[in-house]
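Single-structure report; data block below.
Protein chains: 4
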Amino acid sequence: MTVEIPTTQRALVFDTWNGPLEVRQVPVPSPADDEILVKIEYSGICHSDLHVWLGDLKGMSVCPLVGGHEGAGSVVQIGKNVTGWQLGDKAGVKLMNFNCLNCEFCKKGHEPLCHHIQNYGFDRSGTFQEYLTIRGVDAAKINKETNLAAAAPILCAGVTVYKALKESNVKPGQIIVLTGAGGGLGSLAIQYANAMGMRVVAMDHSSKEAHCKNLGAEWFVDAFDTPDIVSHITKLTEGGPHGVINFAVARKPMEQAVEYVRKRGTVVFVGLPKDSKVTFDTTPFIFNAITIKGSIVGSRLDVDEAMEFVTRGIVKVPLELVKLEDVPAVYQRMIDGKITSRAVVDFSL
Amino acid sequence: MTVEIPTTQRALVFDTWNGPLEVRQVPVPSPADDEILVKIEYSGICHSDLHVWLGDLKGMSVCPLVGGHEGAGSVVQIGKNVTGWQLGDKAGVKLMNFNCLNCEFCKKGHEPLCHHIQNYGFDRSGTFQEYLTIRGVDAAKINKETNLAAAAPILCAGVTVYKALKESNVKPGQIIVLTGAGGGLGSLAIQYANAMGMRVVAMDHSSKEAHCKNLGAEWFVDAFDTPDIVSHITKLTEGGPHGVINFAVARKPMEQAVEYVRKRGTVVFVGLPKDSKVTFDTTPFIFNAITIKGSIVGSRLDVDEAMEFVTRGIVKVPLELVKLEDVPAVYQRMIDGKITSRAVVDFSL
Amino acid sequence: MTVEIPTTQRALVFDTWNGPLEVRQVPVPSPADDEILVKIEYSGICHSDLHVWLGDLKGMSVCPLVGGHEGAGSVVQIGKNVTGWQLGDKAGVKLMNFNCLNCEFCKKGHEPLCHHIQNYGFDRSGTFQEYLTIRGVDAAKINKETNLAAAAPILCAGVTVYKALKESNVKPGQIIVLTGAGGGLGSLAIQYANAMGMRVVAMDHSSKEAHCKNLGAEWFVDAFDTPDIVSHITKLTEGGPHGVINFAVARKPMEQAVEYVRKRGTVVFVGLPKDSKVTFDTTPFIFNAITIKGSIVGSRLDVDEAMEFVTRGIVKVPLELVKLEDVPAVYQRMIDGKITSRAVVDFSL
Amino acid sequence: MTVEIPTTQRALVFDTWNGPLEVRQVPVPSPADDEILVKIEYSGICHSDLHVWLGDLKGMSVCPLVGGHEGAGSVVQIGKNVTGWQLGDKAGVKLMNFNCLNCEFCKKGHEPLCHHIQNYGFDRSGTFQEYLTIRGVDAAKINKETNLAAAAPILCAGVTVYKALKESNVKPGQIIVLTGAGGGLGSLAIQYANAMGMRVVAMDHSSKEAHCKNLGAEWFVDAFDTPDIVSHITKLTEGGPHGVINFAVARKPMEQAVEYVRKRGTVVFVGLPKDSKVTFDTTPFIFNAITIKGSIVGSRLDVDEAMEFVTRGIVKVPLELVKLEDVPAVYQRMIDGKITSRAVVDFSL
Ligand SMILES: [Zn+2]
Ligand SMILES: [Zn+2]
Ligand SMILES: [Zn+2]
Ligand SMILES: [Zn+2]
Ligand SMILES: [Zn+2]
Ligand SMILES: [Zn+2]
Ligand SMILES: [Zn+2]
Ligand SMILES: [Zn+2]
């Protein structure tokens, strides 16, 4: 199998925070000995991409930059020391990479906690370009049968919700509350939770009720118009849900979750509130033996597991395919709160 | 074996919150069909006893009352439906009892979370009297060889620290920080932690350093005079301890613990801060995948396990034996912060 | 609510092993202080009932006897010390009862391992009669909405497969092999496994293929006509299933399972082979870090959890309702291998 | 820091199975880009080395060969792509290496189960030579303070027992039986078990009683002269030990362990019996919910953890330092059963 690799490629670049986003010709990189070159076919557009471009995450990102961290495509070149990859294999490019594979966190399979992490689309050129190099050990294996466009958002959004669900420790047959359930993460979470045997209480604005129930939520709670959320959920779930995952980016739902979760239940924080602070009352927390956990993306194994649910068709990703040139318009719709399905760049368009 | 049981007995009673504590003659109760009658030989004096008497816990206690919830003694009468107990057996009377043994929490071995709990020395007559009835399923089995005076404080203080250590999920060879390590709970915790293979960082006032190290702490951190606790502990433990148990009844050490605990580490809250509230920054919490847990006393199984370490002589309880009439004086010394070892009523004095 | 309770009732009795099974009038028992009286409406017929009657389990059963250990009905009388039950509540009567609730196994929620167990329909009068007493703490709570006829077999067959699936440690998205998948236990197991997110390989005689696939098996393996089962399953599952549950009552499938299970996978033994012995090769066992576990029925909590899947309609029990007088005929069909769905005595017939 | 590296070195080579073992001059290898060159200072002599040389493990070893797989020394040269290593660092060379770090087992931290494993001293030149190359990700980090001679045997023997103890799932305060407790693995296991809070029953020939008790065993059982081992241990441990680790290379102790282990307890198989087969009775196995597990060496993380107990001085390794030329004599003493402490080649002798 031979693939012709051009010397230049199209990439979406910005030179200043919140500055113009332009499609330019840039060189195609060559893989190092331990890297593969991936021809990106699809790249999901994540809210974090918007925030990086806006300059909201200056501490962890650089500029000028090519954004994007949910890339799926084909292997077109392979470094000489790489094992386990063949030309033509489908590969995924996720956010966190270049972990050392040799520290205590890497050895435990918690690579996202490694000190050596570099993030595509944050502090390194990302997936909003046609070709990208990545270490063989970092790229995600994707089956030939998997819908590649749907695979892209799993590499960040999908694995984030899947990992949070695992961390919740909610068992098949038990109940989980998902705040912000109608959004991008939440919509995936409802499906993953069902696939894992959990019973879902979806919380969001009332306009999302039908959407959430169609995806598999057993109950829906209006997050904005319910008089006493804590007692309502406690009653609905006969003592509180066994777990809660907070995708909402606000302080109040996080603090409420600690109050209504079942005794010995677990609240997982994924979304960050505005000022990042949360306050809670330790008396019921201690008396009810509650657990609060932070969860962020997932390991390489979590990615593989999350991907398989998509390959099997159990989790479906509502997609909107766009051109690379459309990314700025997608960002504007994100700012305006007008994105409902997952926007994914289709490089063939 | 026959034991003569009197019709009246000595008990320490108070009629009003913070009112006089008097030793009076009260009737000896008869055990119900599922109860045993225990002749109390020793009863530990817990800080909670003081707070109940002061009226600080009105919501969960009654008045007039006989306090005390750490009683150890001998079985002198047995209800007709009781199994598993013989006259002369040593028995322990702990805080929480009368759980239903039939709800989801009881069936999971989390009896302290049962809705049907009644607390000796809080909302029922406690162990500051010579005879007490308790259900056979609630009383703790104590070996004949166990030091009964030392067994008494294990029934509340001991099991509380042992359970918190289990909840910390710190493995043998890993590091745990104990705040308030020089106090009553902390002094037991250092020993239990060592017996469980953990390496201990003790935090307290500098005057407690020798005490903590003698009990087995590998490191000591001055909780009041260390300029930057967070970076000091992070450095000392090469990345943070794997777990922290907070026994200190203050807000600051709890908030610091969330900052210095190792990535993916666990902070267990046992002590309650003054106003009960704690605030923390969710950004590092999420990025470092931290867990916070509340822990309170322990199950019947936890009591049995905690007791065995004392029976084996692995955990030693520094004791001060006092008369029943001395309890008010002990309360005063608690208020003045002058209690160092565990005060235990010896009914033979 | 008042219910008239007769003084005598119909019961299916046998006086000698393998002797006549006759419906006779026997006295209705009165509940002790800690017991309830249940009017049995449905009683599942289990293979063990047959074996007890045949005298195959003499060590653990008595004679004369009323068999049956899968009873579901209504509470019609309540002992004075019972809490948590109301007249008219639906209650389940399972095999193992009278555990002490106070030994190390009971305290851990492993009541079936308690030394004090008595078994309805084995060493005590069972559910093949209209009225039965049972301790309040032993009876299973059943929701009013639950299909009572379907609830009955869950009390033994259902909880057995549910517990074995929990013990397999197979996670959502992972693969489990079920041997004897087309039988009574297996048919329930396929459904429970799916409800828990597992992917099922069903093994049985080729005539069961459609049946197993209809119930939710993803793959089917002919247990009798596949040339090399071990390599076939290894290939089919790309390295072996993560878990295996053996329901087949034969030695060969148990020994094969240890060979084809995935590295670090778990084989759960439920069914007993003829002579009870199994031999395996420890070299691959050790090199591949395999686990073998024995599993038997389940705790009271397991019963509650297993029941809820039926209440929710997720697990369906294929039923054949019969009269009490029909039990001997059902036994004969069991001996002839002609039972496909679960036979359940309907006392209203 | 500069270290002079010679072009040739001393190595212990054999050309035919069970043929002459000779010290010869062989070339010093150069590290590849991802490798380091380690100057071996100590190399433990393992029973497996003997069996490789004897030709008992032909399927997994090659010939001619330099044996040895417990090497500890200093880093003297570093490949250009290696991170995390400095010249002069202390490094350990263990048995299993070259795992892919990218398969499901590697991603879960079970590298010994990877298909890509190569074994030093088995199918690749091992540590019975002065210089060895190893990938940076495979070498074990050893602290400067660690006793290097004692570190060597931890790389195979130590991690094997430590991992088996972790796999036993025995908790602090619970009881473990160690068969073959007086041997090389067993002597380390007694110490590790104690350091992990376990209570140890040592089983071996009566001549080993004092040795085992000195190392920390609480009880000793004569494995050869006790009339009824099963009932003896059941009684001694009041219901059976919570776990058993079998180091004895015989069938009988393995089969007995399944009988006397506590209900719901775990038997870990490490040692291989002669013909490799084990037979057990599934009836008590199922009724008592027993678990049997195979365990082999450990992951890179297990090595690090096991090493730290030695660094801290908690686990002591009884050593006998020998010259490289002495290895054949040590093999002979192994065959004669005359090795008591761990023989370690000291390359400075
Ligand atoms: Zn993202
Ligand atoms: Zn790392
Ligand atoms: Zn207390
Ligand atoms: Zn309860
Ligand atoms: Zn019991
Ligand atoms: Zn049955
Ligand atoms: Zn691998
Ligand atoms: Zn070895």
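Protein sequences appear in the order of chains S, C, B and A. Numbering-wise, the first sequence is residues 1 to 349 according to the UniProt record's numbering. Numbering-wise, the second sequence is residues 1 to 349 according to the UniProt record's numbering. Numbering-wise, the third sequence is residues 1 to 349 according to the UniProt record's numbering. Numbering-wise, the fourth sequence is residues 1 to 349 according to the UniProt record's numbering. Even glycine gets a Cβ: it sits at the ideal position worked out from N, Cα and C.
Suppose you measure from the CA of residue i to the CA of residue j; what does that come to, to the nearest Å?
i	j	result
Gln129/A	Lys94/A	14 angstroms
Gly136/C	Gly298/C	18 angstroms
Leu132/C	Asp56/C	25 angstroms
Gly59/B	Ala210/B	39 angstroms
Cys103/B	Asp225/B	48 angstroms
Phe280/S	Thr279/C	7 angstroms
Leu165/S	Ala140/S	20 angstroms
Pro6/B	Ala72/B	19 angstroms
Arg10/C	Lys323/C	12 angstroms
residue 357/S	Val82/A	Any property of residue 357/S remains undetermined from this structure, which presents chain S solely from 1 to 349.
Ile36/B	Phe98/B	13 angstroms
Val268/B	Leu54/B	27 angstroms
Met196/C	Tyr192/B	38 angstroms
Thr234/S	Gly240/S	4 angstroms
residue 350/C	Val62/S	In this structure chain C extends from 1 to 349, so residue 350/C is not present and cannot be described.
Ala202/S	Leu188/B	30 angstroms
Arg251/B	Thr179/B	12 angstroms
Val76/S	Phe105/A	27 angstroms
residue 422/B	Glu111/B	A question about residue 422/B goes unanswered here, because the residues of chain B that appear run from 1 up to 349.
Which residues does DSSP pair with residue i in a beta bridge?
i	result
Gly92/C	Ala72/C, Ala140/C
residue 360/S	Any question about residue 360/S goes unanswered here, given that chain S covers just 1 to 349.
residue 350/B	This structure cannot speak to residue 350/B, because chain B is shown only from 1 to 349.
Phe14/C	Leu21/C, Leu65/C
Met203/S	Thr179/S, Val221/S
Asn97/B	Gln118/B
Val310/C	Per DSSP, none; premise fails for Val310/C.
Gln9/B	Val26/B
Leu321/A	Val344/A
Asp281/C	Lys277/S
State yes or no: is the beta carbon of residue i nearer than 8 angstroms to at least one beta carbon in chain F?
i	result
Phe285/C	Included in the structure are the protein chains S, C, B and A, with no chain F among them.
Residue ranges of each alpha helix (DSSP H) run of no fewer than 4 residues wholly in the stretch 217-278 of chain S, ordered along the chain?
229-236, 251-260
Report the residues of the stretch 91-115 of chain C with a CB closer than 7 angstroms to any CB of chain S, ordered along the chain.
Phe105, His110, Leu113
Sequence-ordered residues whose beta carbon comes within less than 7 angstroms of a heavy atom of ligand 5:
Asn99/B, Cys100/B, Leu101/B, Asn102/B, Cys103/B, Phe105/B, Cys106/B, Glu111/B, Cys114/B, His115/B, His116/B
Could you name each continuous alpha helix (DSSP H) segment of 4 residues or more that falls completely within the stretch 34-86 of chain B, going from the start of the chain to the end?
47-54
Which full runs of the alpha helix (DSSP H) of 4+ residues lie inside the stretch 117-174 of chain B, going along the chain?
148-153, 159-167
Chain B contacts from the stretch 193-206 of chain S (Cβ-Cβ distance under 7 angstroms)
Ala195, Met196, Gly197
Give every residue whose Cβ lies closer than 5 angstroms to any heavy atom of ligand 6, listed in chain order.
Cys46/B, Ser48/B, Cys156/B
Under 8 angstroms, CB to CB, which of the residues in the stretch 259-283 of chain B have a partner in chain A?
Lys263, Arg264, Phe269, Val270, Leu272, Pro273, Ser276, Lys277, Val278, Thr279, Phe280, Asp281, Thr282, Thr283
Short of 8 angstroms Cβ to Cβ, which residues in the stretch 132-145 of chain B face chain C?
Gly136, Val137
If contact means a Cβ-Cβ distance below 7 angstroms, which residues of the stretch 288-305 of chain S contact chain C?
Asn288, Ala289, Ile290, Thr291, Ile292, Lys293, Gly294, Ser295, Ile296
Under 7 angstroms, CB to CB, which of the residues in the stretch 157-177 of chain B have a partner in chain S?
Pro172, Gly173
Counting only Cβ-Cβ distances shorter than 9 angstroms, please list the residues of the stretch 31-45 of chain S near chain A, keeping chain order.
Ala32, Asp33, Asp34
Give me the subset of the stretch 77-88 of chain S whose CB atoms are less than 8 angstroms from a CB atom of chain A, sorted by chain position.
Asn81, Thr83, Gly84
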